[in-house]
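Some notes on the structure that comes next.
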Amino acid sequence: MRVTPWSVEGEIDYNKLVREFGTMMINDELLARIKKHARYLHPLLRTGYFFSHRDLDWIIDKYEEGERFYLYTGRGPSGNIHLGHILPWIFTKYLQDTFNVNLLFQVTDDEKFLYNDDKDMDEISKYTYENILDIIAIGFRKEKTKIIVDTKHIDRLYPIAIEIAKRITFSTIKATFGFNNATNIGMILFPAIQAAPCFLPSKFEGRLVPCLIPAAIDQDPYWRITRDIATKLGYYKPAQIHSRFVPGLGMHGKMSSSIPETAIFTTDEEDKIKDKISNSFTGGQATMKLQKMLGGNPENCPVFWYLKYMFEDEKSSDDRYIKCRSGSLPCYECKHALIDKTIIFIKDFKRRREEAKNLIDEYMLE
Ligand code: TRP
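Per the working numbering, the sequence shown starts with residue 527, numbered consecutively.
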């Protein structure tokens with residue numbers, strides 16, 4: 527397995543990742559503490575999709591002491607948005623609503639320009655605009671959400687970024703991100719730009735503001751280096767809550783824009799959605815006869831996965847699981863269920879994306 531902020535390969539062993547990255551598993555005690563403040567425990571937490579953290583217990587301590595934290599998350603605009611992207615954002619909205627806190631959303635157009643040899647800034651800017659519509663369509667609270675675009679808001683980021691950059695050596699960056707002497711120098715500075723929003727809320731508010739970052743665990747290297755220098759700069763270390771990767775509709779691997787036939791995009795037409803899900807890999811057996819005899823493997827089935835995490839309550843999902851195992855549920859039934867629910871979801875999402883076109887100014891940091 528190989529996990530970096532730019533690519534995830536191989537069979538993922540999450541326990542090993544937690545050990546290697548030095549993060550903590552979210553345990554029942556922590557879930558109970560969250561539940562005390564939330565109206566309900568979000569299914570993505572209860573089912574362990576968000577599974578690991580750094581200092582989440584500390585964030586709750588601070589919250590209980592009356593210190594409001596800030597949420598910070600982001601998006602690298604290298605393509606259209608698919609279901610794998612929006613799941614953590616839906617969870618971020620839950621955190622915003624539950625704790626009634628502000629959110630800073632960074633769009634790293636610089637990162638995607640610097641990283642991708644084959645993309646020019648016009649293309650990246652197009653995705654920046656399109657992705658911002660998706661971010662707004664999630665329904666984050668207008669008065670409590672600020673989107674920053676790196677190339678646009680660089681004047682706000684740069685003063686903090688150079689403070690950070692001055693305290694991180696090239697050898698640390700090489701070891702943390704696997705960079706080498708052939709890496710362009712923009713990428714070498716970039717981690718300081720992604721770290722800066724961790725401290726920006728403290729600048730906004732003129733007090734020390736705790737920061738909680740919901741993100742997939744592949745982003746953790748950024749927060750490791752940020753945490754190392756935070757105290758030196760007089761800030762709190764940013765806390766994290768990490769998600770697993772979202773599976774694609776192929777046999778393995780995470781949902782990825784680079785394999786579009788295994789990803790459902792928020793801009794896909796109904797026919798496309800139908801085709802992609804119909805052709806999805808499942809945990810089913812090769813024939814109906816074998817399926818009846820042996821039962822299916824819902825643990826290793828993206829169709830089951832999306833029904834469970836996006837669309838069904840625990841009870842329906844458990845029923846589906848049992849039926850699948852017993853062999854009495856053919857894959858086409860699950861596929862149909864997922865097609866129907868996804869089409870409804872995307873239709874509504876597209877409507878909100880349209881509305882978002884008039885809301886951009888209100889969401890953007892001035
Ligand atoms: N680097 C991230 C990406 O490629 C974008 C990002 C910037 C981000 N800041 C973040 C993601 C904070 C999660 C949290 O998508």
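Note that beta-carbon positions come from the ideal geometry of N, C-alpha and C, so glycine has one too. Computed from a predicted model, the values in this text were never measured in an experiment.
Using 8 Å for Cβ pairs, my map puts residue i next to residue j. What's the rounded Cβ distance?
i, j, result
"T677", "D636", "6 Å"
"C737", "F595", "6 Å"
"I674", "R682", "7 Å"
"K763", "R753", "4 Å"
"I803", "K861", "5 Å"
"Y575", "S769", "6 Å"
"I767", "Y598", "Not a contact, Cβ separation roughly 11 Å."
"L613", "Y835", "7 Å"
"F696", "I680", "Not confirmed; about 22 Å, so no contact."
"G809", "S852", "The Cβ separation is near 13 Å, so there is no contact."
"I790", "I799", "6 Å"
On a Cα-Cα basis, can you pick out the residue from the options that is closest to residue i?
i, options, result
"A741", "R580, D554 and N541", "R580"
"I616", "S604, P856, H568 and K588", "H568"
"I690", "E555, G760, Y540 and I538", "G760"
"R545", "R565, E555, R601 and S578", "S578"
"F639", "S784, Y653 and V735", "Y653"
"N823", "P856, Y835 and D839", "P856"
"S651", "L556, I767, G605 and F696", "G605"
"E593", "E731, N805, N884 and T868", "E731"
"I699", "P531, Y832 and I538", "P531"
Can you check DSSP and say which residues form a bridge with residue i?
i, result
"Q766", "R580 and I739"
"H608", "F791"
"F631", "T599 and I673"
"K780", "P773"
"M836", "Paired residues: none, contrary to the question."
"M814", "In DSSP, M814 forms no bridge with anything."
"V534", "V529"
"M819", "The partner list for M819 (beta bridge, DSSP) is empty, contrary to what the question assumes."
"M890", "I673"
"M550", "H579"
Can we count residue i as close to the ligand TRP, meaning its CB is less than 8 Å from some heavy atom?
i, result
"Q720", "yes"
"K638", "yes"
"Q632", "yes"
"A687", "no"
"Q745", "yes"
"P736", "no"
"I739", "yes"
"T599", "yes"
"G602", "yes"
"W831", "no"
"W584", "no"
"Y748", "yes"
"P727", "no"
Along the chain, where does the alpha helix (DSSP H) that runs through residue i open and close?
i, result
"V829", "P828 to Y832"
"P685", "I680 to K692"
Taking the continuous beta strand (DSSP E) assigned at residue i, which residues delimit it?
i, result
"E880", "From DSSP, E880 is part of no beta strand (DSSP E) but of the alpha helix (DSSP H) over C857 to A882."
"T530", "R528 to T530"
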